[in-house]
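694 is the number of the first residue of the sequence shown in our numbering; add one for each residue after it. Built from N, CA and C at the ideal position, the CB exists for glycine as well.
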Amino acid sequence: MLSLDDVYAARERIGDAAVRTPIEYSHTFSEFTGAEIHLKYEQFQRTGAFKIRGATNRIATLSASEREAGVVTASAGNHAQGVALAATRADVDATIVMPENAPISKVKATEGYGGRVVLHGAGYDEAQARAHEIEREEGRFYLHAFDDADVMAGQGTIGLEIVEDLPAVDAVVVPVGGGGLISGVATAVKGIDPDVRVVGVQAAGASSVADSLRKGEVVSCDGVDTIADGIAVTHAGERTFDVIRERVDEVVTVSDPEIAIAITYLLERSKVLAEGAGAVPLAAALGEKFDYESGEVVVPVISGGNIDSNTLTTVLMRGLLERGRYLRIKTVLKDEPGALRNLAGVIAGERANIYAIQHDRTARDVGMSSAEVELDLETRGHDHVDRLIETLESKGYPVEVLV
């Protein structure tokens, strides 16, 4: 079983290859939750995520023959970048197999850090299978993304920093995919102060660890479906599951809309860009997915910020929608001069802002003397949305909410 001494040894090996990331108190999220929320900002880590810690520690422990043979691994993105950079610094050749649908930004970044990227498969499991084939074909060392004691120990250095920088911590909230990060963090935190709670968070569309804990054994998801690609893993590791079962207090899940809201809040209120996996701990705190007392010191680990630009656009729009900040509606107007102006006047009177208008005289499901209009609107919350729709309907405009 992984020990606290293993984590301290990992910190010595890693040295300055990883930066000591800040923990910052959030007035906004503390006000939202009633707890004292301090965010651990791992997105400021080199490569934009925590993975450089475990990759550096594991490569530092390779034998001379393993270093000579080179390493191969599989990753959706963050582990890929961590391994590529750590291997380049150690003068070790690295091949990384990534799913064919991996974000382009992560593929390019991995290549930029010196790794050779092979795209294969529809998800992590298929990429991992190909990586094991390369392991056998080329005699490389397979560097597991999470189910490895040295990788876990490296990730656990985050836990050391949290307890040292914030001794009053009551709970640490950690994203969970395969379990390497939370295994290391729980080992460090519980080893120093057993009274600190460690809470894991998974995406509801990739909840293998939460399911495994309920059943008492490692089980796999039939598939994964989540915007949090960094934790989109079908099953936990055997080693990580043993640590989680012994040292993690609970594992909860959050939905994609809740993740989108957390990403949006982090960007708007904290001016911090987080990827889906990085935002799940805050989503769990905001959604009260675990119990905490008023004034309790809670540290969500924002594990990374490597979100694809196209995904970010979709997520931000979804986050605004979930918070009542964006609305798309359809209505019908008389096809006569001034009708559109009058509609815009009603909307302006309710202090909503029009992003876009689509005016269609040829829609088949409206009368010949009418026109169908779709509007994208900026609104100020769910109460504002309800009031706007009520006002439009009272003025004789039929309203169909599209999103």
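Query, Result
"Just to confirm, are alanine 802 and isoleucine 789 a CB contact at a threshold of 8 Å?", "no"
"Between the Cα of arginine 782 and those of Ser758, His772, Gly808, spot the shortest distance and give me the residue it belongs to.", "Gly808"
"I need the boundaries of the alpha helix (DSSP H) containing glutamate 961, first residue and last residue.", "949-962"
"Pull up the DSSP beta-bridge partners for leucine 1070, would you.", "Leu1020, Ile1047"
"Counting only C-beta atoms, is valine 891 closer than 8 Å to chain B at any point?", "Absent here is chain B; the protein component of the structure consists of one chain."
"Could you check where the alpha helix (DSSP H) with alanine 820 kicks off and where it finishes?", "817-831"
"Going by CA-CA distance only, name the one from Thr919, Glu857, Gly873, Ala896 that's closest to valine 889.", "Glu857"
"In or out: alanine 861 buried (at least 16 other Cβ within 10 Å) or exposed?", "exposed"
"Identify, in the order they occur along the chain, each residue of the same chain with its Cβ nearer than 8 Å to the Cβ of leucine 859, setting aside the five sequence neighbours on each side.", "Ile716, His731, Val990, Val992"
"Let's see if you can read the secondary structure: which residues bound the alpha helix (DSSP H) around glutamine 774?", "771-782"
"Could you give the residue range of the alpha helix (DSSP H) that holds glutamate 705?", "697-707"
"Tell me, please, whether the segment 1002-1011 touches the segment 1020-1033 by the rule of three or more beta-carbon pairs shorter than 8 Å.", "no"
"Can you name the residues that DSSP bridges to histidine 1052?", "Val1066"
"Go ahead and label glutamine 848 buried or exposed: buried means 16 or more other beta carbons lie within 10 angstroms of its beta carbon, across all protein chains shown.", "buried"
"Please state the DSSP three-state secondary structure of phenylalanine 722.", "helix"
"What number of angstroms, rounded off, separates the C-alpha of phenylalanine 722 from the C-alpha of threonine 946?", "19 Å"
"Assuming valine 965 and glutamine 821 are in contact, meaning their beta carbons sit under 8 Å apart, how far apart are those beta carbons, in whole angstroms?", "That pair is no contact at about 31 Å."
"Quick one: is glycine 775 buried, meaning 16 or more other Cβ sit within 10 Å of its Cβ, or exposed?", "buried"
"Hey, valine 1078 and threonine 1072: beta-carbon distance below 8 Å or not?", "yes"
"Quick check on this structure: which residue in Ala921, Phe983, Ser1002, Leu1036 has the alpha carbon closest to the alpha carbon of proline 1091?", "Leu1036"
"Ignoring anything shorter than 4 residues or poking outside the segment 852-913, list the alpha helix (DSSP H) runs there in chain order.", "873-885, 901-908"
"To the nearest angstrom, how far is it from the Cα of alanine 929 to the Cα of aspartate 904?", "10 Å"
"Within the chosen definition, does the segment 821-841 reach the segment 759-772 through at least 3 CB pairs nearer than 8 Å?", "yes"
"Suppose you measure from the CA of isoleucine 1000 to the CA of leucine 979; what does that come to, to the nearest Å?", "21 Å"
"According to the neighbour-count rule (16 or more other Cβ atoms, all chains shown, within 10 Å of its Cβ), is tyrosine 958 buried or exposed?", "buried"
"What is the DSSP secondary structure of threonine 946, counted as helix, strand or coil?", "strand"
"Taking only runs that begin and end inside the segment 960-1035, name each unbroken alpha helix (DSSP H) of 4 or more residues, in chain order.", "969-979, 1002-1015"
"Excluding the 5 residues flanking leucine 1070 on each side, which residues of the same chain have their C-beta closer than 8 Å to its C-beta?", "Tyr1019, Leu1020, Arg1021, Ile1022, Ile1040, Ala1045, Asn1046, Ile1047, Tyr1048, Leu1081"
"Apply the 10 Å Cβ neighbour rule to serine 876 and answer buried if 16 or more other Cβ atoms are within range, or exposed otherwise.", "buried"
"Isoleucine 995 and alanine 967 look like a contact to me (Cβ under 8 Å); what is the Cβ gap, rounded to whole Å?", "5 Å"
"Measure the CB-CB distance between glycine 1074 and arginine 1016 and report whether it falls below 8 Å.", "yes"
"I need the boundaries of the alpha helix (DSSP H) containing glutamate 931, first residue and last residue.", "931-940"
"Taking 8 Å as the cut-off, decide whether the C-beta atoms of leucine 1013 and valine 1096 are in contact.", "no"
"From the DSSP output, read off the bridge partner residues of isoleucine 730.", "Val991"
"Where does the unbroken beta strand (DSSP E) through valine 810 begin, and where does it stop?", "809-812"
"State yes or no: is the C-beta of histidine 837 nearer than 7 Å to some heavy atom of the ligand GDP?", "As far as ligands go, the structure on display features none, and thus does not contain the ligand GDP."
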